[in-house]
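Residue numbers (the working numbering): 1 to 140.
Built from N, CA and C at the ideal position, the CB exists for glycine as well.
No experiment lies behind these values; they were computed from the predicted model shown.
Presented below is the structure to which this report refers.
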């Protein structure tokens with residue numbers, strides 16, 4: 001918002017459309033999520049261009065804010081990071097992201113618990129953190 005108010009050129013980059021999230025899980029009237037949703041809507045009515053990381057996000061932005069010119073720059077990664085050597089005998093599932101209920105880590109954990117008898121060498125690695133310190137969901 002500061003960049004918008006400054007009048008200087010700036011780049012707006014979005015990973016998702018928060019408006020879609022709060023439409024699915026309606027927040028309380030004056031919650032953090034409702035403020036974020038309102039701010040996003042106001043902001044995107046003001047801008048002309050947005051950079052997103054997928055065609056899905058591009059379609060959502062175009063659907064809500066048709067005046068915005070959307071540029072898609074796909075997420076990139078180095079394939080070497082995922083190079084798993086055959087000598088690793090264990091099976092590892094990795095979750096990378098913010099540990100919040102909407103990301104479904106609890107569902108992943110429940111699913112893994114169901115298949116653990118069939119794959120006893122299965123390991124879950126969670127790489128991420130919650131939105132704030134002392135997050136009860138994260139500690140579970």
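For residue 97, collect the residues of the same chain with a Cβ closer than 6 Å to its Cβ; drop the 5 residues on either side in sequence, then sort them by chain order.
103 and 128
Rounded to the nearest angstrom, what separates residue 112 and residue 67 at their Cα positions?
44 Å
On the CB-based measure, 16 or more other CB atoms within 10 Å of its CB, does residue 42 come out buried or exposed?
If you draw a 10 Å sphere on the C-beta of residue 42, you find fewer than 16 other C-beta atoms in it, and that means exposed.
Which residues in the same chain as residue 93 place their Cβ atom closer than 8 Å to its Cβ, once the five residues preceding and following it in sequence are excluded?
108, 112, 122, 123, 124 and 125
Taking the beta strand (DSSP E) that residue 50 belongs to, which residues open and close that run?
Run containing residue 50: 49–52, per the beta strand (DSSP E) assignment.
DSSP beta-bridge partners for residue 71?
51
Between the CA atoms of residue 48 and residue 74 - distance to the nearest angstrom:
20 Å
Beta-carbon separation of residue 50 and residue 35 under 8 Å?
no
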